[in-house]
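Encoded as structure tokens, the structure appears first; notes follow it.
Protein chains: 4
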Amino acid sequence: MRSLIPDYLAEALADVEADVSGEPAGYIPELAAADPDRLGAVFATLDGTIYGAGDIDTEFTIQSISKPFAYALALADRGFDAVLAKVGVEPSGEAFNEISLEDETGRPRNPMINAGAITTHSLVGSPDLDPARRVTRVVEGLSAFAGRPLSVDEAVCASEMEEAWRNLAIANMLRSHRILTEDPRAVVDGYVRQCSVLVTARDLGIMAATLANRGVNPLSGEQVVAEPVVRQVLSVMATCGMYDAAGDWATQVGIPAKSGVAGGLIGALPGQLGIATFSPRLDVHGNSVRGVSLFERFSSDAGMHVMAAPPSAPSVVRSHRAMGTGADAVRVIQLQGGIRFAGAERIVREVADQVFPETTVALDLTLVHSIDDVARRMILEVARRLTLDGHDVHLVDPDSILPDPDPGEGGRVTVTDALAGPISPGRTPARR
Amino acid sequence: MRSLIPDYLAEALADVEADVSGEPAGYIPELAAADPDRLGAVFATLDGTIYGAGDIDTEFTIQSISKPFAYALALADRGFDAVLAKVGVEPSGEAFNEISLEDETGRPRNPMINAGAITTHSLVGSPDLDPARRVTRVVEGLSAFAGRPLSVDEAVCASEMEEAWRNLAIANMLRSHRILTEDPRAVVDGYVRQCSVLVTARDLGIMAATLANRGVNPLSGEQVVAEPVVRQVLSVMATCGMYDAAGDWATQVGIPAKSGVAGGLIGALPGQLGIATFSPRLDVHGNSVRGVSLFERFSSDAGMHVMAAPPSAPSVVRSHRAMGTGADAVRVIQLQGGIRFAGAERIVREVADQVFPETTVALDLTLVHSIDDVARRMILEVARRLTLDGHDVHLVDPDSILPDPDPGEGGRVTVTDALAGPISPGRTPARR
Amino acid sequence: MRSLIPDYLAEALADVEADVSGEPAGYIPELAAADPDRLGAVFATLDGTIYGAGDIDTEFTIQSISKPFAYALALADRGFDAVLAKVGVEPSGEAFNEISLEDETGRPRNPMINAGAITTHSLVGSPDLDPARRVTRVVEGLSAFAGRPLSVDEAVCASEMEEAWRNLAIANMLRSHRILTEDPRAVVDGYVRQCSVLVTARDLGIMAATLANRGVNPLSGEQVVAEPVVRQVLSVMATCGMYDAAGDWATQVGIPAKSGVAGGLIGALPGQLGIATFSPRLDVHGNSVRGVSLFERFSSDAGMHVMAAPPSAPSVVRSHRAMGTGADAVRVIQLQGGIRFAGAERIVREVADQVFPETTVALDLTLVHSIDDVARRMILEVARRLTLDGHDVHLVDPDSILPDPDPGEGGRVTVTDALAGPISPGRTPARR
Amino acid sequence: MRSLIPDYLAEALADVEADVSGEPAGYIPELAAADPDRLGAVFATLDGTIYGAGDIDTEFTIQSISKPFAYALALADRGFDAVLAKVGVEPSGEAFNEISLEDETGRPRNPMINAGAITTHSLVGSPDLDPARRVTRVVEGLSAFAGRPLSVDEAVCASEMEEAWRNLAIANMLRSHRILTEDPRAVVDGYVRQCSVLVTARDLGIMAATLANRGVNPLSGEQVVAEPVVRQVLSVMATCGMYDAAGDWATQVGIPAKSGVAGGLIGALPGQLGIATFSPRLDVHGNSVRGVSLFERFSSDAGMHVMAAPPSAPSVVRSHRAMGTGADAVRVIQLQGGIRFAGAERIVREVADQVFPETTVALDLTLVHSIDDVARRMILEVARRLTLDGHDVHLVDPDSILPDPDPGEGGRVTVTDALAGPISPGRTPARR
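Residue numbers (the UniProt record's numbering), protein chains in the order written: chain A, 1 to 432; chain B, 1 to 432; chain C, 1 to 432; chain D, 1 to 432.
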């Protein structure tokens, strides 16, 4: 059977191909000379499968799509406090090249506008890096997101620097507010190099998938940045990624996204997918015309909106019964599926305010495939409380799906492989 | 066992209780007279369980928390186009009472600022409703979200009207732009009545849970508004709900939310939970001081951030084997869990570019608990393509988890209850 | 001989008549129905001569041209402090109907924008006037400027009120800031009546001439408002009178001016002339197209720019000589012309650091036609110092051009009609 | 007798000396180190007399006071159109260092804010000047205004360049809009040199007097720039010279003015006086605290407000009678004083619509001291019309106060020294 996803992508491209509105960015010759008809789209799954159609291996400069990734690197390298002290997270409702500094402090409103991105660039790496080594750190960081070594397009870079007046204006303004503390020209030079990194739609798909995959590159398996960093980056992309059309995008598409002036556009759907498109024709906001159309279609066709509730899972309590009789009687609660807060609440409700005659209460996790941290803590608290009520609590957990099963003060659980009995005495955790 | 969730809520309240910063809103005597020490919090699950601690049955006026619900009603009553023509969806980055109209059109930036909310009020119900009946429709609509009949606090309403200068200013400005087409005073009067509806934290919890539950009230089971309306409302809450601190909230809390000047605060976590808090002390943005603290804690403790990827589910392909031999050989692909786009893609990948010697290919859905629409369409397309490749395709679907199993042009599936054979000939769908 | 000024005006009108660009204001039927081809111009001298050409007796509504006069009335009735506390004097650089309130206080930027004009209207008369009597005061005040009883066009007034949404918005906003303390609708109603007062170009010429003439109506001789009020009004007209084109007007025309949406335009050249034009076709700023052209021409042809230095007067010291000999010798300094600070300085210089052998020093004012207050004080100080140096000081002042000739502490002057001797002993002022 | 003006100035300084509020500018060490107690004031008359009190010979840097003079040089060197194409004339209502560029074009709002002043600097001299020679031209131009060779404080200049981030930001922004077409750093460097020119209060007094004196330096007699340039500069100073307090200054002081951050402040009263003060303590607007107080006092004491009408002159028609009888009868109209438009109108009125039986009409200019251009043209037109009515027109003009006495088409005048007869046949002008 031929896979239907490439077909779907090909069909989507065919539908938008007729739209020849918009023009490639014209402010430097290298961008103006881009073939306006190039068109490609990529879906990158969290286990590293790439689906593509059209021009997915054509190289172009990453431009503003570098912004969320450099922001991730800065957060990782300097910590949240240091970065937030210099760059805000509020939507500006303004175009990408508005200065948008806060009145008193001169702090840029967010890292997606140029002022914030220039500042962010200066915050990558340790504070003592010289400009050249900081660029190296940025390029290596972007490469880690892409899963292959990326390089800078020197011709684009040189040409951009010749027309970088506005960015130099912004950097000098930031310098006057002490948001930048170095030579503004050197920072802009580094930032322009960051924007001139060459990528393909395939690379961008992987980079987006790394964000969707909690920071783990699906190809290399490398944890490029930590999960809280990814959450911060996605949040900022969701509110500030599409400039002055942020609200339209948030309602109609609903995928955290970022566009670049060379025609790239990425979206990351947390836990599901990385998406990238490439088409150099831009609309008045500087976003790729056909890229925006494709994302609208993907969101609509595939139900990818972050505000769409996932379909209901069945109750995590698959069954609840008493087994055996007398002293051997066991209260067995069989759980299933993935358990987050709402599922854990359901478990709590199953046992709260109940009096079980059986001494042993077994929580059977055999059919459970995942437990997040809050759910883990809630289940252990249930176990602790049942212990305090006089029960022996068993966790049937053959796949060790619940890590570190210590219920804490006064609690005690016996972990078993099956309902029959304990896996081994050693797995009864001691209170540490 | 005593449920731990009320304990958790009580503990959370105890922790924030010491914070006596901020003051109740003081612009009218009724609000200024609020007991500043009132404090309550509610978790409302999507199956209608209410967890509460503190003052969850104290009545107070809903104020701006009515805005997302009235927006939902307007979208439901007039349609998206009519509402979007008059109220935008862009974050304004400004305080709630800024006028924030678009330059040319006078269209308010979004429905969460007063200008947008006044306009939204005027768009509830059919265009020919008189002001009084429109208020009735609004109150009934809010009641449907709450699951009980709500009423207006006439004293607050009268007092608000006496100080409604700024809203009258906004309404007259909207009238001058033809965004409003009626008497501005009548619209403001209706809007003030909307804001004066009395609710409890318990009500707000249910209202939030209705949003989290795709528009279905967990108590009454009523589909109050359609799912696309809910998605739109949640998107706007996410970007515009917390006024000029929208970005802080989006990054730190990450729950679509809305606050009211009487001290209420709601959050809706799609597919998981409705949350409400009540504490009348306000910060400089007009948000409840302790409410904000509670939400920060809930988000952090319970991993409720919308940009946090859910924990990985196991592969939807549980097993894949050939059963039997010769003409009876069947290729069985056993699926499990909930299937959305990413899961369906995994199924596609399992069969794409493969040649199966067996004539019959069975997709066993027995352990699948949910399939969303895109996944359903993808599975059916897989079935269609396998048919075209010469296979007999069986769907083992004892619980009819996949509705309307028609693979379309050239495809054919046989639906069965078990691997053994078809459930009934009648369930083999014909091409319509 | 036929006067050339009407010819000049007629010729100027003929030159601009061909310009049919622009349209009458269209927001109410009464203004839209104005004959767009009406055209008139008036020069009103400070002694009450009216030169006119074209439609100078056609009535139209005064509209915004009422603003500087109502501002004058408010300053006169309430004092500078009370008015400045509620309305600023800063150019807003914005269109007439921008709200332009100061951030914190809500104080309108200046009295020429609508927000400031509405506030100004509320400040005319004593604070206890009811709205109707305040309108009476305003109409009577405008009539005093015009020198004839003016009346309100009730049809325009009623029509304006039907479309007064924006002004109602502004008034409610002002009410919310406590800049207005009354019912906003009543204030707007009064303001609209003020704007609906009927005038002719002839009336406007006299009104402008009253401003140019230090507040004295050239026809009636009435001091309508005091001179400091006029100075304030002219200053505000100079910086804020032409809205967002204030700087263009200040540089190119240089005459304090004010336009109205019904086609009127006035200019006041302090000490020289009042000018008015009438032509209903408006440009995009809402100023009369042909009125602006006429003023540009008048300024250029007649050297009327306030920043153009007047032609040099001859030295105020016409001659300086010693007359007679011995004890009868007199030092005579003959002065001439009008004396202000610069002229008085010249007198000071004539006598400073000199030692005159003559006992008597006579300052001969016979050819002096005016002395302003600073010059008067300087001349008396010269007299006082000469007295202290041992001189007898004579002022030869047959026309009593120098009032109250008391040189103060230690000084003494003898006022005479002619060089020969004292006019009368009685005119030697005693130290009071 | 001792001159009272130095006494007045000394007394004024003594009164403000007690005010030690404010601090010298602190952004560079050289300014921060200024002696905060320095205080001086200068009155410079249009015939070159300097009155001074206090520290009038202390050198300090001219800073922003260079702006109006550089603007004058740019207008003189490039013409109005070229300068207005790049720098507007609208008040910005903003602080001096706001960027304030027009939205579309990037044109600075006016030449008094830094963006406009940097652009203005780039427009001094011919377009092909290199930056160094442009600075030479600027310094020479400022020297011409001051009447002595000025020089640059190299230490201040170097220090300013080290902190010129904001000006570099502005210059790069201007470069991005093609308002500047050169290297932004070079332009800022030149502008900083312009601001670092050393002056004394005495110099500034002369510079201001040059503006007050139609561009003629009272000391050197040099016409530094043409009169229309001066009018433009004074107009812009009047509306934009005091930044965000422009309206306060225009109403309360009413003297076109400009301040500098080193403590200087100038005012030019057209046709009367140049004023300068020096006191380094600055208020929050960056204006000299004591300088502002002194100007308020000068304006109030000396009636120097540009919107104060000059005192009325006597009628320009001193007498009007018929002399002689029969064929020798002459109608004699004796004029006096300075004649501008309003005076000429009075003459017109004297003869218009009259029928004089005398053949000869004599306009006696003996007592007239000045006639401006419009008045000259009006008098000649009167003469022409009287000729056409059949009169012989004589101008009695012993001092040739009326230049080029050609009444044009059909007119004819005989110029005489005295009423008796023609000065010479040669002075009867022929029609050219």
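C-beta atoms are modelled at their ideal positions from N, C-alpha and C, and glycine is treated no differently.
May I ask you to report which of helix, strand or coil DSSP gives B:Ile-333?
Position 333 of the second sequence, counted from the start, is the residue given in the question as residue 333 of chain B. B:Ile-333 carries a strand assignment under DSSP once its states are collapsed to helix, strand and coil.
For C:Ala-362, the residue or residues it bridges with in DSSP:
Taking the third sequence and counting its residues from 1, one reaches residue 362 of chain C at position 362. Note: C:Ala-362 is bridge-paired with C:Val-332, C:His-394 in the DSSP secondary-structure output.
At a Cβ cut of 9 Å, what residues of the segment 158–173 of chain A count as close to chain D, listed as they run along the chain?
Correct list: Glu-163, Ala-164, Trp-165, Arg-166, Asn-167, Leu-168, Ala-169, Ile-170, Ala-171, Asn-172, Met-173.
Using CA atoms only, rank isn't needed, just tell me which of D:Ala-246, D:Met-207, D:Gly-52 is closest to D:Pro-270.
Reading the fourth sequence from its first residue, position 270 is the one you call residue 270 of chain D. Considering only alpha carbons, the answer is D:Met-207.
Can you pull the chain B residues whose beta carbon is under 7 Å from the beta carbon of C:Ser-176, in chain order?
On the third sequence, position 176 is the one that residue 176 of chain C refers to. Within chain B, the residues placing a beta-carbon under 7 Å from that of C:Ser-176 are Trp-165, Arg-166, Ala-169, ordered along the chain.
Is any beta-carbon of chain B found at less than 7 Å from that of A:Ala-14?
Looking up residue 14 of chain A in the first sequence gives position 14. Output row for A:Ala-14: interface = no.
Pull up the DSSP beta-bridge partners for D:Gln-272, would you.
Taking the fourth sequence and counting its residues from 1, the one referred to as residue 272 of chain D is at position 272. Under DSSP, D:Gln-272 shares a beta bridge with no residue.
Does the separation of the CB atoms of D:Ala-268 and D:Ala-212 fall below 7 Å?
The residue you call residue 268 of chain D lines up with position 268 of the fourth sequence. The residue you call residue 212 of chain D lines up with position 212 of the fourth sequence. Result yes, Cβ atoms of D:Ala-268 and D:Ala-212 sit closer than 7 Å.
So C:Ser-319 is in the alpha helix (DSSP H); what residue range does that whole segment cover?
In the third sequence, counting from the first residue as 1, residue 319 of chain C sits at position 319. Bounds of any alpha helix (DSSP H) do not take in C:Ser-319; it lies within the beta strand (DSSP E) bounded by 317–323.
For chain A, find out if any of its Cβ atoms is closer than 7 Å to the Cβ of B:Ser-300; answer yes or no.
Here residue 300 of chain B refers to the residue found at position 300 of the second sequence. With 7 Å as the cut-off, B:Ser-300 does not count as an interface residue toward chain A.
Nonlocal neighbours in the same chain, by C-beta distance under 6 Å from residue 434 of chain D, ignoring five residues either side:
The structure shown does not extend to residue 434 of chain D, since chain D is modelled only from 1 to 432, so the question has no answer here.
What are the residues in the segment 68–92 of chain B lying within 8 Å of chain C by C-beta distance?
Along the segment 68–92 of chain B, none of the residues has a CB nearer than 8 Å to a CB of chain C.
Considering only their Cβ atoms, is the gap separating A:Gly-79 from A:Asn-110 smaller than 7 Å?
Within the first sequence, residue 110 of chain A is the residue found at index 110, counting from 1. Within the first sequence, residue 79 of chain A is the residue found at index 79, counting from 1. With contacts defined by Cβ atoms closer than 7 Å, A:Asn-110 and A:Gly-79 do not form a contacting pair.
What residue range does the alpha helix (DSSP H) around C:Ala-82 cover?
On the third sequence, position 82 is the one that residue 82 of chain C refers to. Unbroken alpha helix (DSSP H) run through C:Ala-82: 80–84.
In this structure, does DSSP put C:Thr-277 in helix, strand or coil?
What you label residue 277 of chain C is simply residue 277 of the third sequence in a count that begins at 1. C:Thr-277: strand per DSSP, three-state reduction.
Kindly list, in the order they appear in chain A, the residues whose Cβ is closer than 8 Å to that of B:Thr-49.
Here residue 49 of chain B refers to the residue found at position 49 when the second sequence is read from its first residue. In chain order: Glu-345, Arg-349.
When the distance is taken between beta carbons, is C:Thr-360 closer than 7 Å to C:Val-316?
As a first step, residue 316 of chain C must be located in the third sequence, where it is residue number 316. As a first step, residue 360 of chain C must be located in the third sequence, where it is residue number 360. No, the pair does not count as a contact, with Cβ atoms beyond the cut-off.
Under 7 Å Cβ-Cβ, which residues of chain E neighbour C:Thr-251?
As a matter of chain content, chain E is missing from the structure shown, whose protein chains are A, B, C and D.
If you follow the alpha helix (DSSP H) that A:Gln-14 is part of, which residue opens it and which one closes it?
The residue labelled residue 14 of chain A in the question sits at position 14 within the first sequence. In the sequence on display, residue 14 of chain A carries Ala and not Gln. Counted as a single uninterrupted DSSP element, the alpha helix (DSSP H) harbouring A:Ala-14 occupies residues 4–17.
In angstroms, rounded to a whole number, what distance separates the CA positions of D:Asp-81 and C:Ser-92?
One-based indexing of the fourth sequence puts residue 81 of chain D at position 81. One-based indexing of the third sequence puts residue 92 of chain C at position 92. Each residue's Cα considered, the two are about 25 Å apart.
Return helix, strand or coil for residue 469 of chain C, following the three-state DSSP convention.
There is simply no residue 469 of chain C to check, as chain C begins at 1 and stops at 432 in what is shown.
Buried or exposed by the 16-neighbour rule on C-beta atoms within 10 Å, applied to B:Glu-104:
Taking the first residue of the second sequence as 1, we reach residue 104 of chain B at position 104. That one is exposed.
Given C:Thr-45 as reference, the closest of D:Arg-340, D:Ala-72, D:Gly-410, D:Asp-353 once Cα atoms are compared
As a working note, residue 45 of chain C is residue 45 in the third sequence. Nearest option by C-alpha distance: D:Arg-340.
Identify which residue in D:Ala-375, D:Asp-406, D:Val-413, D:Val-374 has its Cα closest to the Cα of D:His-391.
Taking the first residue of the fourth sequence as 1, we reach residue 391 of chain D at position 391. Nearest C-alpha to D:His-391: D:Val-413.
Please identify the residue among B:Leu-419, B:Ala-169, B:Gln-63 whose C-alpha is closest to the C-alpha of B:Val-199.
As a working mapping, residue 199 of chain B is identified with position 199 in the second sequence. Relative to B:Val-199, the option among B:Leu-419, B:Ala-169, B:Gln-63 whose CA is nearest is B:Gln-63.
CA nearest to the CA of D:Glu-163, picked from A:Pro-184, A:Glu-160, A:Pro-311, A:Tyr-51
Indexing the fourth sequence from 1 puts residue 163 of chain D at position 163. Closest by alpha carbon: A:Pro-184.
Through-space distance from D:Pro-405 to D:Ala-430, alpha-carbon basis:
As a first step, residue 430 of chain D is located in the fourth sequence; it is residue number 430 there, counting from the start. As a first step, residue 405 of chain D is located in the fourth sequence; it is residue number 405 there, counting from the start. Here D:Ala-430 scores only 38 on pLDDT, less than 50, and its place in the model is too uncertain to base an answer on.
Run of the beta strand (DSSP E) containing C:Gly-54, from where it starts to where it stops
Along the third sequence, read from residue 1 onward, the residue named residue 54 of chain C stands at position 54. Annotation for C:Gly-54: the continuous beta strand (DSSP E) segment containing it runs 50–54.
Under 8 Å between beta-carbons, which chain B residues line up against A:Arg-340? List them in chain order, please.
Counting from 1 along the first sequence, the entry for residue 340 of chain A is found at position 340. Result: Gln-272, Gly-303, Pro-310, Pro-311.
I'd like to know whether the C-beta of C:Thr-277 is nearer than 7 Å to at least one C-beta of chain D.
By one-based count along the third sequence, residue 277 of chain C stands at place 277. No, C:Thr-277 does not count as interfacial toward chain D.
Rounded to whole angstroms, what is the Cα-Cα separation between B:Asp-77 and A:Phe-43?
Looking up residue 77 of chain B in the second sequence gives position 77. Looking up residue 43 of chain A in the first sequence gives position 43. Spanning the two alpha carbons is a distance of roughly 37 Å.
Residues near A:Gly-190 by beta carbon distance below 7 Å, same chain, minus five either side:
Taking the first residue of the first sequence as position 1, residue 190 of chain A is located at position 190. Cβ within range, chain order: His-121, Pro-131, Arg-134, Val-135.
Using a Cβ cut-off of 7 Å (strictly closer), state whether D:His-369 contacts chain C.
The residue given as residue 369 of chain D occupies position 369 in the fourth sequence. For D:His-369, the nearest CB of chain C lies under 7 Å from its own CB, placing it at the interface with that chain.
Helix, strand or coil, according to DSSP, for D:Ala-25 in the structure here?
On the fourth sequence, residue 25 of chain D is found 25 positions in, with the first residue counted as 1. D:Ala-25 falls in the coil class under three-state DSSP.
Taking 7 Å as the CB-CB cut-off, is C:Gly-247 touching chain D?
Reading the third sequence from its first residue, position 247 is the one you call residue 247 of chain C. By this cut-off, C:Gly-247 is an interface position.
Report all residues from its chain with a CB closer than 8 Å to the CB of C:Pro-6; omit the five preceding and five following residues, and keep chain order.
The sequence position of residue 6 of chain C within the third sequence is 6, counting from 1. Contacts found: Tyr-51, Gly-52, Ala-53.
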